[in-house]
Structure formats: structure tokens, C-alpha cells
Ligand code: HEC
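In the working numbering, the protein residues as written are 75 to 210.
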């Protein structure tokens, strides 16, 4: 009885360990899927110095720890992440629409946290406007 119990416990631990290993070996960031209605969504917050300023304060507080002050993906937390947070200054990022940046910030993906319910939509749009200032 005791042997059976420790055999079973051992097997469970072994199986859990093996499945954890195989999961982490295959870990790949899930590709983003941005719904079409977000891609073409109009930014309701006009670009202005006031919006950039509000966006900068929110970005510094919520995003810079991973994305870095200038959006280069070099924040202090970035080296603890499995996935590179991206370079916000490059064309691959800047050529996306405001709606894509809004959707990604609001919904998160993998290690990128979800800000829906944490930040008001208008604040996310202010951040989106500020992200545009990282363009090289
Ligand atoms: C805990 C670290 C972390 C924080 C904090 C964080 N992000 Fe991210 N972010 C990531 C990672 C990692 C990715 C890449 C995820 C992926 O590709 O699946 C990412 C991706 C993104 C993308 C998509 C980039 C692209 O190339 O399309 C946007 C937009 C974004 N983040 C915006 C923000 C904003 C805005 C904030 C603050 C409100 C923020 N993030 C806070 C880690 C973070």
C-alpha cells in the first residue's frame, strides 16, 4: 500500500515535470490576431501636446519598465522576459495603425499584460498617441 502510494506520487511528479519541460521547450510567443474592426478603428483622441503629455506620464508609469523609456524594448524588466517586447521606433511598429496599437495594449498577449479594465480607453488612446513620438 505504501509502495503503491509512493509509486503513484512519483509518477505524477515525473509526468508533471516532463510536461512542464516540453511546454517550456516549445514556448513560442502566440502570434497577435488583431480583429479587422480594430485595425481600421479611428483614434477618438486627437493628437496634441496635451495628449502626448498625458500619454507619456501613463507610459512611464505602466510600460517603460519593459518597453524602455524610448520604446526600444530595453526596460529593466525586459531581460527577465522570454519574449523581446519589440522596438517601437522601427517601421514594423510605426507602420501599424493606431487601432492595432490600441487593441494590443488593451488585450495583451503572452507576457504583454492586458490593460483592459486597468486603464480607461481614452488613456490607452493617449498612450497610442505618445507611442507615435518614438518614430525614428
Ligand atoms: C511585463 C512587461 C510589459 C509591460 C509592463 C508592458 N508590455 Fe507591452 N509587450 C511586452 C512584451 C513581452 C511584448 C511582446 C509580446 C508578443 O509579441 O507576443 C509586448 C508587446 C507590446 C505591443 C505590440 C508590439 C508590436 O510589435 O506589435 C504593444 C503595442 C505594447 N506592448 C504596448 C504596451 C503598452 C502601451 C504598455 C503600457 C500600458 C505595455 N505594453 C506594457 C511586455 C510588456
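By construction, the Cβ of each residue, glycine as well, lies at the ideal position given by its N, Cα and C atoms.
Keep in mind it's a predicted model, so treat the numbers as computed, not measured.
query                                                                                          : result
Burial state of residue 178 (16 or more Cβ within 10 Å)                                        : buried
Candidates 117, 131 and 137: closest to residue 185 by CA position                             : 137
Same chain, Cβ closer than 7 Å to residue 155, five either side skipped, listed in chain order : 140 and 185
Whole-Å CB distance - residue 204 paired with residue 129, under 8 Å assumed                   : 3 Å
Where the alpha helix (DSSP H) through residue 106 begins and ends                             : Element bounds for residue 106: n/a, residue is neither H nor E.
Buried versus exposed, by CB contacts within 10 Å (16 or more), residue 119                    : buried
Alpha-carbon spacing of residue 174 relative to residue 108, whole angstroms                   : 6 Å
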